[in-house]
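All residue numbers for the sequence shown refer to my numbering, where the first residue is 8 and numbers rise by one.
Idealized CB from N, CA, C, for every residue including glycine.
This report refers to the structure that appears directly beneath it.
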Amino acid sequence: MDKPNSFELTGPEFIPSQYDHHIVRKLSSMVGQYLDIEAYQEILAKDDLVLYEVYEIKRPEVAGELLHGVSIVHPGKVGQEYFMTKGHFHTVLNTAEVYYCLKGQGMMVMETPEGDWAIEELYPGRVLYVPPRWAHRSVNTASNSDLMTFFIYPGNSGHDYGTIEQQGFRKLILEEAGQPKVIDNPRWKAPGAR
Ligand code: PA5
Ligand code: NI
8 MDKPNSFELT GPEFIPSQYD HHIVRKLSSM VGQYLDIEAY QEILAKDDLV LYEVYEIKRP
68 EVAGELLHGV SIVHPGKVGQ EYFMTKGHFH TVLNTAEVYY CLKGQGMMVM ETPEGDWAIE
128 ELYPGRVLYV PPRWAHRSVN TASNSDLMTF FIYPGNSGHD YGTIEQQGFR KLILEEAGQP
188 KVIDNPRWKA PGAR
């Protein structure tokens, strides 16, 4: 655990040659997050699709350590809304994260507890710095390729999923005329309304 360690992360697959956890997140874990509730229920009734996967390299969850791994969001849509991660604030709000896009095409949707928002494009070679305090969600805007990112964040960050489950993200990414479009989330709970 405390010896220097290396592994390979090479294309075109970009599955780490070593990992400790393989997390698989399915449609059923995203209740209330997609705008089109009917489309969500219709797909779920047929198949609990795998939306995204994470390969984690385990490290102690303490300050000073860096947790890292690979996130893979599969292509697809619920209604017009692209497949995406749950998204979260870090439990220790004042912790940042770095993403490096390995493959595919997408967007990172971000917001602060005060309701400031930002969206950054992801494509191979792109490095994204998510500053402390910004919730983050990866969205795959490609029609037929995985969105793959390498991520690194402090060991003590933790994941707060509950806040986003309750308030949603302020912005959603939908497909319109074959292009990604950013819209206001009509169900978003603004800071004053929480
Ligand atoms: O640390 C991160 O932000 C990523 O590793 C995410 O956990 C990953 O992309 C999966 O998303 P989520 O944790 O929101 O389900
Ligand atoms: Ni994070």
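- If you draw a straight line from the Cα of K84 to the Cα of R177, it comes to about 19 angstroms.
- Distances from the CA of V99 to each of T92, V189, A70 were compared; the closest alpha carbon is that of A70.
- For A125, same chain residues with a beta-carbon under 6 angstroms away, outside a window of 5 residues either side, are M117 in chain order.
- When the alpha-carbon of K188 is set against those of P139, L179, N101, the nearest one is in L179.
- With a beta-carbon spacing of about 4 angstroms, M155 and K110 fall inside the 8 angstroms limit used to define contacts.
- Restricting attention to H97, Y107, T170, the CA atom closest to the CA of S164 is found in H97.
- Remark: C-beta atoms of V105 and F158 approach each other more closely than 8 angstroms.
- Collapsing the DSSP output to three states places A103 in coil.
- Taken through DSSP and simplified to helix, strand or coil, A184 comes out as coil.
- Assigned with DSSP and collapsed to three states, Y47 falls in helix.
- Per DSSP, the continuous alpha helix (DSSP H) segment holding T170 begins and ends at 169-174.
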